[in-house]
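In terms of this note's numbering, the sequence shown is residues 8 to 396.
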Amino acid sequence: MPCGTRMSPAETDLGPNEGLIEVPGSRRALLTPALVVDLDKFETNLLRHQRICGEAGLRMRPHAKTHKCSEIAKRQAEAGAVGVCCATLHEAEVMVGAGIDGVLITSPVVGAARIGRMIKLAGSARRFKLVADNPVNLRAISEAAEALAQPLEVLVDIDIGMQRTGVAAPEDAVALARMISEAPNLTYRGVQAYSGRVQHINDLTERRQVYGEQLAHLKTVIEALGAAGLPPAIVTGGGTGSLVIDIETGIFTEHQTGSYIFMDVEYNEVSMPIAGNIPFQTSLLMQCTVVSNNADGFVTINGGYKSFATDGPKPKVADPELSGSIYDRFGDEHGKIVLGPGNLAPELGAPVNLITPHCDPTVNLHNYLHCVRGDKLVDIWPIDARGVL
Ligand SMILES: Cc1ncc(COP(=O)(O)O)c(C=O)c1O
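In structure tokens form, the structure reads like this:
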């Protein structure tokens, strides 16, 4: 299905820029701050990811935490994904509600209220799965799953070094896998192993070394599961930074790549040559507007802490005519564009485009993705799974 073809009903609220769709030259006229998706680059990322995973024999279950947008999940499914990963119940509810099959919740679902909501969701979903890393939590999930017509598919979350969630010891993994396989309301499907920090080790040699040790541990866990008669049918994990390694090792059966679809300032620093090149392009930009240009040497734009994630580096100016200019933080609603040598100050009201520092938490701050081809707004996709609950 061509990108830029909406699949949801037209009555969805598309925000203040809706009237600009298909208007020639409308990209420059967007009300801002507005997240902009360059559909040509987005489609290139989608196809490259499909080819890379296909050639490596890896199934794709991309992480929807990056985009939180059911329109994108549908396109990932069209490109061959077996489902999407979700970090929150809300993401999962939105994705299932939009007709996406094969949702995997990659964070533990803990507490009676959340488990109740998850069971209700599982009852209305196809090929729904979740991870667990704790026997008490598993018992509660197993009891609640009695309400389901089909057994609930569960994977054991393995900690391969990040210590965020999961069990590290092979015997703990075996115990959980056994518990799942013996529970009448659960089906044991395999393991998840995700390592966040290694994704952003910029140097590939260093990343190979740190991640290599973690993958060796994962192999030990998988061998222990096999020896216990519990070989994992699914081994899921990986991110954009580890993809270059994961396609060589053959440990994973499927991949949870997230940021590849957009890329950002952080990931543009990570060396990930696949067939000689960095495979993914920056498809996501934040368009802001010059709201004051009275000072010498810089202009003020309307994008500050409330528009960009602040956990990482600063946004980067993307417009070629401002090459050499840099973004500086200037408060909640404002940013400073310090002009580079020879750069002319943009006029009041002029658009300025920036590469987002860290795409996931930036996207979560906004309501819409404005899809462009060249200089024209061609569609708007709601970020319908944004939020944290
Ligand atoms: C469990 C899990 N899987 C996959 C991903 C995707 O990683 P990336 O955005 O680096 O591709 C994340 C991102 O934080 C994650 O938490």
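We put the CB at the ideal spot given by N, CA and C, even for glycine.
Check: Element boundaries [beta strand (DSSP E), containing Ala41]; Outcome: 41-45
Check: Check your reading: residues with Cβ closer than 5 Å to ligand 1 heavy atoms; Outcome: His70, Thr113, Tyr201, Gln206, Gly246, Thr247, Gln263, Thr264, Gly265, Ser266
Check: Proximity winner among Leu351, Thr317, Ala147, Gly168, relative to Arg336 (alpha-carbon distances); Outcome: Thr317
Check: Proximity of Asn374 and Gly104 at Cβ, strictly below 8 Å; Outcome: no
Check: Nonlocal neighbours in the same chain, by C-beta distance under 7 Å from Pro364, ignoring five residues either side; Outcome: Asp271, Val272, Glu273, Phe315, Ala316, Gly319, Pro320, Lys321, Pro322
Check: Ile229 (DSSP reduced to helix, strand or coil); Outcome: helix
Check: Given Leu96 as reference, the closest of Gly87, Thr113, Ser332, Gly109 once Cα atoms are compared; Outcome: Thr113
Check: Other residues of its chain near Asp108: CB distance less than 7 Å, five sequence neighbours each side excluded; Outcome: Gly90, Arg133, Arg134
Check: Three-state secondary structure assigned by DSSP to Met102; Outcome: helix
Check: Touching by the beta-carbon criterion (3+ pairs, under 8 Å), the stretch 192-199 and the stretch 237-254; Outcome: yes
Check: Nearest-angstrom Cα separation, counted from Val30 out to Thr260; Outcome: 44 Å
Check: Beta-carbon proximity of Ile148 to Ile165, cut-off 8 Å; Outcome: no
Check: Same chain, Cβ closer than 7 Å to Val110, five either side skipped, listed in chain order; Outcome: Gly90, Val91, Cys93, Ala99, Met102, Val103, Ala132, Phe135
Check: Complete runs of the beta strand (DSSP E) confined to the stretch 305-338 [at least 3 residues]; Outcome: 305-308, 333-336
Check: Paired residues, beta bridge with Leu376 - DSSP; Outcome: Leu42, Trp388
Check: Secondary structure of His365, DSSP reduced to three states; Outcome: coil
Check: Residue burial classification, Arg171 (beta-carbon count within 10 angstroms, cutoff 16); Outcome: exposed
Check: Proximity below 8 Å, CB of Gly338 to CB of Gly311; Outcome: yes
Check: Residues of its chain near Arg35, where Cβ-Cβ distance is below 6 Å and the 5 sequence neighbours each way are ignored; Outcome: Pro358
Check: 8 Å Cβ cutoff met for Val251 and Ile281; Outcome: yes
Check: DSSP three-state assignment for Ala94, whether helix, strand or coil; Outcome: coil
Check: Residue of Met125, Leu351, Tyr267 minimising C-alpha distance to Gln83; Outcome: Tyr267
Check: Nearest neighbour of Val44, chosen from Gly244, Thr369, Met293 [CA to CA]; Outcome: Met293
Check: Residue from Ala176, Glu213, Glu62, Gln216 with nearest C-alpha to Val228; Outcome: Ala176
Check: For Leu237, the three-state DSSP class (helix, strand or coil); Outcome: coil
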